[in-house]
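J.: Chains as they are written, first to last, in our numbering: chain P, 152 to 394; chain S, 2 to 330.
I have a structure here, written as structure tokens, and I will follow up with some questions on it.
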């Protein structure tokens, strides 16, 4: 239960940074390009049969990471350590079975995927990510669901955390009913979520929000976009060449 | 000048590493005391410059190659203690990830390139330039300092190579480690460094120093600015993309042959210490990837190396800044 809450805390950070960075300058490269490139990189890395493309992506992302402020670098590194070590541990038997390369390849792929997402997460706000998705006109429902899910994960996570806290405060000594009441907490959280969904729907109606996201921030194509496109186009060419 | 493993006896390596321990300790103390915390990330940028300088191999007639180190440049900009640590970390990265320079010989390589080179270079620079900045006297001082610095380092490396056959031989009288004595190693190392490689170091040092003084003043311990400016980023980018130029120089540097090459260089045999010596396989040996053109592997290695160095020093600076904040509170 606590672990789940920890995960919700991480997703919550995504939205918190949204509010904290309200006055931040928007990303110099179009968010849609960056989200697209990140998804494409992860996909192509999963498809690639050799380490070349993966290392090329790691090199580019590491270089982008090196240009970030130290606090961001530290957050990205913290996000990297656990999955990479966990993968290396899981893949360790491959070394004993005589395939050390397999362990290296899989670990590098995990490192690459997490690195790409963590770097994107550091340099893009959540509102920029939703704006990036809303560029595609047909995806309004998808963006709405994604946005709602992220926000409610945080709110409901917070709510169930408080409930759990209350139960723990009221329990003294050795009792089994604490575990038994986990379903009670989940049930209450579910009921609460239904109430909140209704409230959200009413609030949407009051504000004439029909679920269509409109971006009022127009992004002009600059040389930075061109550079970004150039680097990623080269990487895709590399993928095709080394296939 | 990167001495590979098994060219020096483990005893020599041990002595050199032991000699470096107090140097590192003093350097770390000096940095802690004197270097502003906001400037520590600049040591990473400087280390990245040194790392890239070492990738530009220059050929000389006779089939051997060499490169600039940039230690004097870092010493001039950030002080000799910072130069010692920056070059040491760059060398560690080269040894661990790219297999350039040995793991056992790390202490010896650091002694030559991270201790002798920057300190000699900086002393000569100070002697000539004094307090002058941004004028001919400073650039002349930097040029002569870097030239003498790299030659002093090369001489140390040559002596380390040359004393091996005197000290370590097997029953048949063959050398156990480096087979060449001082009479061969000193001329072989010094001819290259007194001419072309020394010149490469002078050009690299003076050109980058002039660039930094005019366009990127943040890469100096005297300025307050701590953000990496765009000209510096562009220069780093250009150096990374240009690293394949270092591949034009065919051949291996003197004293850096593989165990399979050494017999053909004139020794006539492969020393026993090399055939049965310490073997470490690096992640990306010789800055190359299997199945990829050499030039592309070189660019990727340069980008990964430079990025890692900047990240390492940024994190160190951040941690040091946080610690001093908590101790003040």
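We treat Cβ as the ideally placed atom computed from N, Cα and C, and that holds for glycine.
Which chain P residues sit within Cβ distance under 8 Å of residue 100(S)?
T.: Ordered by position in chain P, no residue passes the 8 Å Cβ test against residue 100(S), which lies about 15 Å from the chain.
J.: Leaving out five residues on either side along the sequence, give the residues of the same chain with a beta carbon under 7 Å from the beta carbon of residue 102(S).
T.: 3, 4, 5, 92, 95, 96 and 110
J.: Compare the beta carbon distance of residue 218(P) and residue 234(S) with 8 Å and say whether it is the shorter of the two.
T.: Yes, the Cβ-Cβ distance between residue 218(P) and residue 234(S) is below 8 Å.
J.: Return yes when at least one heavy atom of the ligand GDP lies under 7 Å from the C-beta of residue 279(P), else no.
T.: No copy of the ligand GDP appears in this structure; indeed no ligand is present at all.
J.: DSSP puts residue 269(P) in a beta bridge; with which residues?
T.: Answer is none; residue 269(P) lacks a bridge partner.
J.: Between the region 299-311 of chain S and chain P, which residues of the former have a C-beta closer than 7 Å to a C-beta of the latter?
T.: 301, 304, 305, 308, 309 and 311
J.: Counting C-beta neighbours from all protein chains within 10 Å, is the total for residue 89(S) 16 or more, i.e. buried, or is it exposed?
T.: buried
J.: Taking only three categories from DSSP, how would you classify residue 180(S)?
T.: coil
J.: Is it the case that the region 56-75 of chain S contacts the region 17-36 of chain S, given that we only count it when at least three CB pairs across the two stretches are under 8 Å?
T.: no
J.: Near residue 242(S), what residues of its chain come up, given a Cβ to Cβ distance below 7 Å and the 5 sequence neighbours on each side ignored?
T.: 300
J.: Run through DSSP, which three-state label would residue 232(P) get?
T.: helix
J.: Considering Cα atoms alone, identify which of 279(P), 310(P) and 347(P) is closest to residue 183(P).
T.: 279(P)
J.: Just confirm the distance between the C-beta atoms of residue 221(S) and residue 78(S), as a whole number of angstroms; I'd bet it's less than 8 Å.
T.: 5 Å
J.: Where DSSP assigns a beta bridge to residue 294(P), which residues make up the other side?
T.: When beta bridges are read from the DSSP output, residue 294(P) appears opposite no residue.
J.: Report the rounded CA-to-CA distance for residue 315(S) versus residue 41(S), giving the unit in angstroms.
T.: 7 Å
J.: Applying a beta-carbon distance threshold of less than 8 Å, which residues of chain P neighbour residue 318(S)?
T.: Contact annotation for residue 318(S) against chain P: 221 [CB-CB distance below 8 Å, chain order].
J.: I'd like to know whether the C-beta of residue 315(S) is nearer than 8 Å to at least one C-beta of chain P.
T.: yes
J.: If we ignore side chains and look at the alpha-carbon of each, how far apart do residue 160(S) and residue 118(S) end up?
T.: 15 Å
J.: What does residue 206(P) reach in chain A if we use C-beta pairs closer than 7 Å?
T.: Among the protein chains in the structure shown, which are P and S, there is no chain A.
J.: May I have the straight-line CA-CA distance separating residue 113(S) from residue 157(S), to the nearest angstrom?
T.: Roughly 6 Å between the two C-alpha positions.
J.: I need the DSSP call for residue 61(S), collapsed to helix, strand or coil.
T.: strand
J.: Taking only runs of the alpha helix (DSSP H) that begin and end inside the region 195-247 of chain S, which ones reach a length of at least 4 residues, in chain order?
T.: 199-216 and 231-243
J.: Residue 127(S) versus chain P: which residues are under 8 Å apart at the beta carbon?
T.: What residue 127(S) touches in chain P: nothing, since even the nearest Cβ is about 32 Å away.
J.: Comparing C-alpha positions only, which one of 195(S), 271(S), 266(S) and 128(S) sits nearest to residue 260(S)?
T.: Nearest C-alpha to residue 260(S): 271(S).
J.: Assess contact between the region 265-274 of chain P and the region 223-235 of chain P, defined as three or more Cβ pairs (one per stretch) separated by less than 8 Å. Is contact present?
T.: yes
J.: Taking all protein chains shown into account, do 16 or more other C-beta atoms lie within 10 angstroms of the C-beta of residue 361(P), making it buried, or fewer, making it exposed?
T.: With fewer than 16 Cβ atoms within 10 Å of its Cβ, residue 361(P) is classed as exposed.
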